[in-house]
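Working notes for the structure below.
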Amino acid sequence: MATSQSTPTIIPYNIKPTPLVPNSPKPLLLYKNCFLRNGNVDITLAYDTFTKNGWDVQWVTTYGNTQRSRYHPATHEVMVVLSGPGTIRWGTTDLTDDPQKHTYGTPGTHFEDGSVFLEVEAGDLFVIPAGVTHKSFDRRAKDLDPTC
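Residues in the sequence shown are numbered from 101 upward in steps of one, following our numbering.
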């Protein structure tokens, strides 16, 4: 069986700081179509690429219906989307403790204004600069919380 691997398309996003989140002067980078073989993510290839380069594979999770926004103040991160679809909100933090409101509520009331929302799919890879807030979720998910 023949395999094919698409050349990734790179899309930069410049995300400005907010009153509550530093974000980064470095761009968030989205690489489309990474680790794809015959239309699916080759999970072994992704894992082997990470470990061969000395990058820790920290966790594998499925999107939940909601989760808290977060950022890593001093560590850059790489995230590979193994299956999809899903949504990632970039650049802003939650302003309420109510998970439905801080995920699906009103910008400026339930989460900061200025969010970048991206619909993601299998094969999307993100290079996330330290300080950039991110929040992964999927309205269609059966579970409220992400699962490992």
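Yeah, the Cβ is synthetic: ideal placement off N, Cα and C, and Gly gets one too.
Residues bridged to residue i [DSSP beta-bridge criterion]
i	result
T211	Thr is not the amino acid found at residue 211; the sequence shown has Phe there. Beta-bridge pairing links F211 to D194, P207.
S250	Nothing about residue 250 can be reported from this structure: the residues present for the chain run from 101 to 248 only.
P108	Paired residue(s): none; P108 is not in a bridge.
N140	R137
T187	E219, F237
V178	V227
Separation of residue j from residue i, as counted between CA atoms
i	j	result
A102	T118	In this prediction, A102 has a pLDDT of 41, which is less than 50 and means its spatial position is unreliable; what the coordinates show is noted afterwards. Going from the Cα of A102 to the Cα of T118 covers about 48 Å.
T187	V220	6 Å
P229	E177	7 Å
K152	A222	22 Å
G154	L136	21 Å
D224	P125	22 Å
Y147	V157	7 Å
N133	Y204	28 Å
P127	L218	15 Å
T166	G214	19 Å
Burial state of residue i, where buried means 16 or more other Cβ atoms lie within 10 Å
i	result
K235	buried
N123	buried
R170	exposed
G208	exposed
Nearest-angstrom beta carbon gap, residue j and residue i [assumed within contact, 8 Å]
i	j	result
Y273	I115	As displayed, the chain neither begins before 101 nor continues past 248, which places residue 273 out of reach and without an answer.
T175	L120	That belief does not hold up - the Cβ atoms of T175 and L120 are roughly 19 Å apart, past 8 Å.
Could you tell me whether the stretch 138-147 touches the stretch 176-190, where touching means 3 or more Cβ pairs closer than 8 Å? yes
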